[in-house]
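According to this note's numbering, the sequence shown is numbered sequentially starting from 10. Quick reminder that beta carbons are idealized off the backbone N, C-alpha and C, glycines included. See below for the structure under consideration.
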Amino acid sequence: MGLELKRPQPMKYVNITDEAVVLTLKYAKHYGPLRCIRERAHGLLLSNRGFTLEQIAEILEIKYQTVSQWIDDWEDYGIRALYKKHGGGRSCIYDESEVQRIKELVAEEPRRLSYVKSKIEDETGKSSSKLTLANIVKKLGLVYKRLRKSCKHKRDEEHFQRCKTALKDAQEAERKGLINLFYFDESGFTQEPCVPYGWQEKGKQLRIPSVKSKRINVLGFMNRSCELFHYPVVGSVNSDTVIAAFDDFAEKMEDEKYSSNDRYTVVMVDNASIHTSKKFRDRIADWTLEKKLLICFLPTYSPELNLIEILWRKVKYEWLNLLSIKSFTEFEKEVERVFASFGESHMISFANTK
């Protein structure tokens, strides 16, 4: 009966005498940005304490040859060895041009890696798993997230760019105190809520009461200083409703705060039918001549130019607290609470908006 001989392990250690270096390794062990950095720092600290390669390998559940390489790298590179590029693992089976082709195929069909897998295998004759493709796609900087609806393809791009430039000039005039600049729109709110993301305990699920309810439409005038004039309406909104809101807003703009130095107020509106109706357009000249209120229409299919759209999203997805609200009366109070607190406890930073 033959005896199984255990291969002797080489005796190899690091010897770190500088306490500052030891402290650096301890910090890297706990707070290193990558797992491999934390693991290498741990292994080097164990070696410095006299643990053998085999003992370190057992503690970290890796091969002793890996620990040996860490120590060699430490002797060659010092602290830089923590960041030495990992050379293990199988090399990518696709060359650079094939990786770019994978990126093109993902752009063709972003929803299905199975399509990409089938096409790249047909074109290259190389077989790979969907997991391999997913890793390649991630390294290309792509992430898997929800798609968004868009009508940008319908808009006049030249008109959009002209309006974007004009709006930037208007914002500069507002900054200098030459004009008041407001953004107007309407949005509806019901007790049938948007479903947001939120932190929850594992195994449990927060549930938002969902009931059919009447709709609260809010008409709003907002500027980049988080000033808001809002007009809630239960039920439908038509041109008469919008005109009444503009009449009231125009009166408020006669306050000294907004009318000093003979300033005009510019209001950006979209092209909704209630804004472009004959009844509404017939009032524009009166507001301009009598109230110094200028109405500027944004290009069609350009919601990103109307900053009040940010407010609607914040209210629907973040600020409305619908977890304990069941009656419509409570819902009305909650909607009013959120809009009344805008500019105080609820704020939006428009510092980076152009």
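| Query | Result |
| --- | --- |
| Buried versus exposed, by CB contacts within 10 Å (16 or more), His284 | buried |
| Three-state class that DSSP yields for Glu195 in the structure shown | strand |
| CA-to-CA distance, Ile25 to Ser77, given in whole angstroms | 16 angstroms |
| Beta-carbon spacing of Trp308, Cys172 below 8 angstroms | Inspection of the sequence shows that residue 308 is occupied by Pro rather than by Trp. Their beta carbons are under 8 angstroms apart, which means Pro308 touches Cys172 by this criterion. |
| Pair within 8 angstroms by beta-carbon distance, Ile225 and Val344 | yes |
| Minimum length 4: unbroken alpha helix (DSSP H) runs contained in the region 102 to 136 | 105 to 117, 122 to 133 |
| Among Lys213, Leu54, Trp328, nearest to Ile357 - alpha-carbon criterion | Trp328 |
| Reference Thr297; option with closest CA among Val125, Ala281, Glu263 | Glu263 |
| Same chain only: Cβ atoms within 7 angstroms of Cys203, ignoring 5 sequence neighbours per side | Lys325, Tyr326 |
| Three-state secondary structure assigned by DSSP to Ile304 | strand |
| Boundaries (first-last residue) of the alpha helix (DSSP H) holding Tyr86 | 73 to 86 |
| Straight-line Cα distance separating Glu201 from Lys287 | 34 angstroms |
| Burial state of Arg157, where buried means 16 or more other Cβ atoms lie within 10 Å | exposed |
| Which residues DSSP lists as bridging Asn226, in chain order | Gly197, Val242 |
| Alpha-carbon spacing of Ile252 relative to Phe289, whole angstroms | 6 angstroms |
| Alpha carbon of Lys213 to alpha carbon of Ser219, nearest angstrom | 18 angstroms |
| Distance between beta carbons of Tyr267 and Asn189, contact taken as under 8 angstroms | 5 angstroms |
| DSSP three-state assignment for Phe359, whether helix, strand or coil | coil |
| For Leu32 and Lys38, the rounded distance between their alpha carbons | 10 angstroms |
| Segment limits, alpha helix (DSSP H) that includes Tyr310 | No alpha helix (DSSP H) holds Tyr310; DSSP gives it neither H nor E. |
| Which of helix, strand or coil DSSP assigns to Val276 | strand |
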